[in-house]
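Below is one structure, written out as structure tokens; comments come after it.
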Amino acid sequence: MRYNTQKANHRQASAKLLGSLISSNYGEKKEGLKPKQIIEQVGMLHGVHINYKQAWRVREEAQILVRGTPEDSYYNLSRWLYKITETNPGSLTYQHVDAAGKFKYAFVAFGPSIRGFSLMRRVIAVDDGNYHLYPLAFAVVDAENGASWKWFFRGLSQKIPDASDLVFKLVSRLGAAMLLNVYQVDRSEFEVKNETMKFVVDLEKRHCTCNVFDIDKIPRIHAIAAAKHIKRDENRFVDASHLTETWAKAYAESIHPGGELSTSTYPENIDELSCPPPATKKKSGRPPTKRKRSVGEFGVPGSKSQSHKCSRCGTGGHNKITCQRPIG
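Using this note's numbering, the first residue of the sequence shown is number 26, and each one after it goes up by one.
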């Protein structure tokens, strides 16, 4: 019987081959092996010695095998958008390309969110969904500028019912309503005065000339003062869009996943909608491996952030100005 022996640094141990051997360590929720760990595992399990640069290429090949390339993602974007509309009836999706036929914008509004929004008050707040807003629509754009905002709102107006009467969010506070002077005009209309201004409140129409009651659909200081004046519960004038049962209806429907793209059926012209990725300038240096966090996001638990200690007693949780520990 004949055996072939190879050296530990044999040239046929390519990055693609080694990447296929360790690809099981990577996935959507797996960070995977780092280059130093790859060097150790490849040497221990396969008897091949590689350097750090080679280990980095092995890592890239393993990630491509599991997650695909960015080019693959853009190619499959039209398929993914089609699956959204197929599994979530009533959804709205758009894909926009530039003059060269490359990707520029993408827009997604799920059908359940569109129907749920019809139960909400007529306000759209443009912000990150992590700030506890009702998720209505999402967009991927090249930059935050006038053209991309115009494109986004044009798509939004296609399916949002009565989009012409939408307003933007104002926030006020429940102030000292009892300190205001209230004069009843008729059964539902009141004049409310503070030290410098006058406001007219109509409880039946749920209107106040300050416009906060009209927008927030919650009685604020002027409406509360009017309700208290006639010994009515101000909570009775809260719009139905703020009630628990309304929110339960808004979240009653589920957003369904599209399933495996490779085994699904599509229209014959789906390939005509595919587009290459946008032209980007490659940055110098090693590419980052972690997502850049948005403003307002919490830090990762257990991160190795610098811990600050009191310079007087050496313990954490305070500084030398607030230190109350005796020094003996």
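Don't be surprised by glycine CBs; every beta carbon is placed ideally from N, CA and C.
Note that the coordinates shown come from a computational prediction; the quantities given were computed from them, not determined experimentally.
Endpoints, the alpha helix (DSSP H) within which residue i is located
i	result
Gln5	Residue 5 is absent from the structure shown; the chain starts at 26 and stops at 353.
Glu278	From DSSP, Glu278 is part of no alpha helix (DSSP H); its letter is neither H nor E.
Asp239	237-241
His267	No alpha helix (DSSP H) holds His267; DSSP gives it neither H nor E.
Ser45	40-47
Ala248	246-254
Leu298	Premise fails: Leu298 is in no alpha helix (DSSP H) and is neither H nor E.
Lys78	77-92
Per DSSP, cross-strand counterpart(s) of residue i
i	result
His232	Asp227
Tyr208	Glu216
Lys108	For Lys108, which the question treats as bridged, DSSP gives no partner whatsoever.
Gly52	Lys55
Lys334	Gly341
Distance, residue j Cα to residue i Cα
i	j	result
Asn206	Ile255	13 Å
Lys61	Glu270	54 Å
Ser45	Cys338	54 Å
Ser328	Cys348	Only weak support exists for where Ser328 lies, its pLDDT of 48 falling under 50; the value from the coordinates is given anyway. If you take the alpha carbons of Ser328 and Cys348, they lie about 26 Å apart.
Glu65	Lys315	23 Å
Leu268	Lys108	33 Å
Ala131	Asp97	16 Å
Phe238	Trp176	31 Å
Pro326	Lys317	Confidence at Pro326 is low in this model, with a pLDDT of 48, below 50, so the placement of that residue is unreliable and no value is reported for it.
Thr234	Glu214	11 Å
Gln79	Met69	16 Å
Glu285	Gly93	14 Å
Ala250	Ile240	18 Å
Lys306	Gly180	29 Å
Arg82	Pro303	24 Å
Lys334	Glu169	41 Å
Ser103	Ser309	31 Å
Gly126	Asp167	14 Å
Thr112	Val217	52 Å
Leu58	Trp105	29 Å
Gly141	Ser266	11 Å
Thr340	Ile346	13 Å
Pro313	Ser336	35 Å
Arg146	Val225	22 Å
Asn344	Pro95	48 Å
Leu43	Gly52	16 Å
Val263	Lys129	42 Å
Ser138	Tyr276	8 Å
His71	Ala124	49 Å
Ser287	Gly171	37 Å
Gly342	Tyr77	40 Å
Arg311	Ile63	18 Å
Asp258	Arg350	52 Å
Arg231	Lys274	24 Å
Pro244	Val210	18 Å
Limits of the beta strand (DSSP E) - the one that residue i falls within
i	result
His71	Per DSSP, His71 belongs to no beta strand (DSSP E); it is in the alpha helix (DSSP H), 60-71.
His121	117-122
Ser134	It is worth fixing the name first, because residue 134 is Ala in this sequence and not Ser. Note, Ala134: beta strand (DSSP E), 128-134.
Phe163	163-165
From the options, residue whose alpha carbon lies closest to that of residue i
i	options	result
Arg212	Asn219, Phe132, Asp227	Asp227
Ile75	Lys127, Ala40, Arg231	Ala40
Pro114	Asn344, Ser279, Gly342, Leu158	Ser279
Ser49	Lys253, Ser266, Ala162, Arg84	Arg84
Ala134	Ala124, Tyr159, Asp123	Tyr159
Tyr99	Ser289, Val225, Pro301, Ala265	Pro301
Glu229	Lys242, Glu220, Thr221	Lys242
Ser143	Gly342, Leu298, Pro292, Trp272	Trp272
Ser5	Thr221, Ala162, Ser289	This structure does not reach residue 5, given that the chain is present from 26 up to 353, and the question cannot be answered.
Gln88	Pro244, Arg350, Arg257, Lys55	Lys55
Met222	Leu298, Asp258, Tyr51, His247	His247
Pro282	Ser116, Val67, Lys253, Leu90	Ser116
Lys110	Pro292, Asp296, Arg350, Val210	The residue asked about is misnamed: residue 110 is Thr in this sequence, not Lys. Checking every option, the nearest Cα to that of Thr110 belongs to Pro292.
Gln120	Val91, Val210, Val165	Val165
Leu90	Ile63, Ile47, Ala124	Ile47
Thr290	Ser173, Lys274, Asn101	Asn101
Leu298	Val122, Ile63, Val73, Asn219	Val122
Thr118	Val73, Val67, Phe178	Phe178
Tyr208	Lys253, Arg311, Arg245	Lys253
Any chain D beta carbon closer than 8 Å to residue i
i	result
His74	The structure shown contains no chain D; it is built from a single protein chain.
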